[in-house]
Amino acid sequence: MARRLAERLSHADILQADGYHYDNILLDHLGLRHRKGVAETFDIPGLAAMLHRIRAGEEVITPVFDRRLDLVRGAAGRLLPEIRHVVVEGNYLALASGPWAQLRPLFDLTAYIEVPEEELRRRLTQRWTDLGCSGAEVAEHVDGNDMINAELIREQSLKVDFTLRN
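Heads up: the sequence shown begins at 1 in the UniProt record's numbering, then just goes up one per residue.
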């Protein structure tokens, strides 16, 4: 969805909030690897600093999350100063609690993509299956992490400018 939006806007590109995932080594140290992807496993101050640099019109080199490798590839993306619109995509960008709340003033417009729970579960199951996870691993990812995160987002996000129903 973010890619399609960026393609329709002139002079636009994407910044992935997933590029600010903590590295697996740090997650192991913190005992959070099994919960990778929860709100507290992201470098929010780093993301906020990047958003300030983008607003200042700087060229920025950005991290990109590689789902197949399950890691962040630092300095893998680039946003040029002539980019007029940056589509920031991520699950927690409107979260009302913790450090995520500091991001809201940095966005001109916010949106939430509402997906029925059954469809979300189907998509998440397909994602983990496509990545080669076993049935037990898929269930652990979907039920032990992803659906819990989706509920947090639904229940604890700030009001957004518009909702897309999918």
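Using N, Cα and C, we set each Cβ at its ideal position, and we do this for glycine too.
From a predicted model like this one, the values you see are computed outputs, not experimental measurements.
Delimiting residues of the alpha helix (DSSP H) encompassing residue i
| i | result |
| --- | --- |
| residue 169 | A query on residue 169 cannot be resolved here, the shown segment of the chain reaching from 1 to 166 and no further. |
| G46 | 44-55 |
| A136 | 135-141 |
| L30 | 24-30 |
| L109 | Segment: none, L109 is in no alpha helix (DSSP H) and carries neither H nor E. |
| R8 | 2-8 |
For residue j and residue i, the rounded distance between their alpha carbons
| i | j | result |
| --- | --- | --- |
| I153 | F162 | 15 angstroms |
| residue 167 | Q126 | This structure does not reach residue 167, given that the chain is present from 1 up to 166, and the question cannot be answered. |
| E82 | S10 | 10 angstroms |
| C133 | I113 | 26 angstroms |
| L5 | A139 | 31 angstroms |
| M147 | G37 | 11 angstroms |
| residue 183 | L93 | Because the chain here runs from 1 to 166, residue 183 falls outside it and cannot be looked at. |
| N149 | G98 | 15 angstroms |
Host beta strand (DSSP E) of residue i (start-end)
| i | result |
| --- | --- |
| I83 | Neither: I83 is in no beta strand (DSSP E) and is coded neither H nor E. |
| residue 168 | Shown here, the chain extends from 1 to 166; a query on residue 168 therefore has no answer. |
Coil, strand or helix - residue i by DSSP
| i | result |
| --- | --- |
| A96 | coil |
| G144 | helix |
| H21 | strand |
| R68 | coil |
| L103 | helix |
| E58 | coil |
CB contact flag (residue i, residue j, <8 angstroms)
| i | j | result |
| --- | --- | --- |
| W128 | V142 | yes |
| residue 167 | F42 | Coverage of the chain is limited to positions 1 through 166, which leaves residue 167 absent and any answer about it impossible. |
| L71 | D13 | no |
Paired residues, beta bridge with residue i - DSSP
| i | result |
| --- | --- |
| I153 | Looking at the DSSP assignment, I153 forms no beta bridge with any residue, so it has no partner. |
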